[in-house]
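In our numbering, the protein residues as written are 67 to 230.
Here a beta-carbon is modelled for each residue, glycine too, at the ideal position from N, C-alpha and C.
Right, one structure below, let's go through it.
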């Protein structure tokens, strides 16, 4: 079966007027693509009772090891920043996937660690996440992935410079 030809972003969103600039067109395409990938993740994860954001937090906790990681560090490391990290961690802890403990030296700091149940869930979820990754980027060859990574890094760098 022959693959469908790719549609332009203007065709996809049924835009009849030209974009103001190539940059605007690219940004709309990037936002649309991000939304599609996010929806793929939600669809893959929701039958298992976990959101993509919760999965991201659990991956951060797994990577932190037995020592855990402070709540604020979790917020900084998340792929998608969210203002409600504490509530997100509350929900994860309530499900038995993570635990919190106060720092002995500074009672204001809270360290989070993943539980065995959280590790078990991640082991089940990792293949689903791998499937989302593969499916979302299946149309790109290795050299195109390298080019995409470079372009995205440059976009983030320019944004961060502008925010400083």
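- For residue 186, the closest of 113, 121 and 196 by C-alpha to C-alpha distance is 121.
- Contact check for residue 166 and residue 176: beta-carbon distance about 5 Å, within the 8 Å limit, so the pair qualifies.
- Around the beta-carbon of residue 89, fewer than 16 other beta-carbon atoms lie within 10 Å, marking it exposed.
- The alpha-carbon separation between residue 107 and residue 155 amounts to approximately 19 Å.
- Under the three-state reduction of DSSP output, residue 180 falls in the strand class.
- Cβ contact annotation for residue 98 (same chain, cutoff 8 Å, sequence separation greater than five): 75, 78 and 79, in chain order.
- In this structure, the straight-line span from the alpha carbon of residue 124 to that of residue 101 is close to 22 Å.
- In the three-state DSSP reduction, residue 193 falls in the helix class (H, G or I).
- In the DSSP assignment, residue 142 falls within the unbroken alpha helix (DSSP H) covering 137-143.
- For the options 227, 110 and 81, the alpha carbon positioned closest to that of residue 201 is the one of 110.
- The Cβ-Cβ distance between residue 179 and residue 164 falls below 8 Å.
- Proximity to residue 104 across 210, 223 and 145 peaks at 145, based on C-alpha coordinates.
- The alpha-carbon separation between residue 219 and residue 126 amounts to approximately 21 Å.
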